[in-house]
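S.K.: In our numbering, the protein residues as written are 2 to 126.
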Amino acid sequence: MTPVATQELHCASLKSNATEAICTPYQGKVSACSAYDSCWAASEAAAANNYNTAVSISNNLKTQWNALKRIECLLDVLAKSGDQTAALTECIQKSHSTDALTIVKPPVTAKLGSFLQAISLQAIA
Numbered sequence: 002m003t004p005v006a007t008q009e010l011h012c013a014s015l016k017s018n019a020t021e022a023i024c025t026p027y028q029g030k031v032s033a034c035s036a037y038d039s040c041w042a043a044s045e046a047a048a049a050n051n052y053n054t055a056v057s058i059s060n061n062l063k064t065q066w067n068a069l070k071r072i073e074c075l076l077d078v079l080a081k082s083g084d085q086t087a088a089l090t091e092c093i094q095k096s097h098s099t100d101a102l103t104i105v106k107p108p109v110t111a112k113l114g115s116f117l118q119a120i121s122l123q124a125i126a
């Protein structure tokens, strides 16, 4: 074997070792970070969709609750004897609390962006 061929073989071996030691772990981390980002985006979209659905259902329930309370009040007015005008006016003006049906948006866990960037930077160093 010629000295040039020997040197090329030695360089190829070094390149292969360097690729295994540095590039392969880095590619794994990049792949993991990419999968994490995709999963995070999908989870964030699902959470937003679930929240919007819950708010829509809550608004519908609030409307139903107010209608139920109004019907209940009107039935009470009908059951009264005598002049029902004042009771009917009071019933129409009455407001019913729906605070218990208000959806509170849960806090969102912070994305681990800086942590994953640190892992990627360590792989390069």
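All C-beta atoms, glycine included, are put in the ideal place defined by N, C-alpha and C.
#1: What residue from Ser82, Trp66, Lys63, Val78 has the CA that sits closest to Leu89's CA?
#2: Could you say which of Ala80, Leu113, Ile104, Ile72 lies nearest to Lys95 if we only look at CA atoms?
#3: For Ser57 versus Leu102, is the C-beta spacing smaller than 8 Å?
#4: Assuming Thr110 and Asn67 form a contact by the criterion Cβ under 8 Å, report the distance between their Cβ atoms to the nearest whole angstrom.
#5: Return the CA-CA distance between Asn18 and Lys106, expressed in angstroms with no decimal places.
#6: Would Cys92 pass as a contact of Leu69 if the rule is Cβ separation under 8 Å?
#7: Measuring only the C-alpha atoms, how far is Ala48 from Gln28?
M.R.: Result, derived from the coordinates:
#1: By one-based count along the sequence shown, residue 89 stands at place 88. Closest by alpha carbon: Val78.
#2: In the sequence shown, residue 95 corresponds to position 94, counting from 1. Of the candidates Ala80, Leu113, Ile104, Ile72, the one whose C-alpha sits nearest the C-alpha of Lys95 is Ile72.
#3: Position 56 of the sequence shown, counted from the first residue, corresponds to residue 57. Position 101 of the sequence shown, counted from the first residue, corresponds to residue 102. In this structure, Leu102 does not lie closer than 8 Å to Ser57 by Cβ.
#4: One-based indexing of the sequence shown puts residue 110 at position 109. One-based indexing of the sequence shown puts residue 67 at position 66. About 35 Å separates the Cβ atoms of Thr110 and Asn67, ruling out a contact at the 8 Å cut-off.
#5: Position 17 of the sequence shown, counted from the start, is the residue given in the question as residue 18. Position 105 of the sequence shown, counted from the start, is the residue given in the question as residue 106. Cα to Cα, Asn18 sits roughly 51 Å from Lys106.
#6: As a working mapping, residue 92 is identified with position 91 in the sequence shown. As a working mapping, residue 69 is identified with position 68 in the sequence shown. No. Outside cutoff.
#7: Looking up residue 48 in the sequence shown gives position 47. Looking up residue 28 in the sequence shown gives position 27. Each residue's alpha carbon lies about 30 Å from the other.
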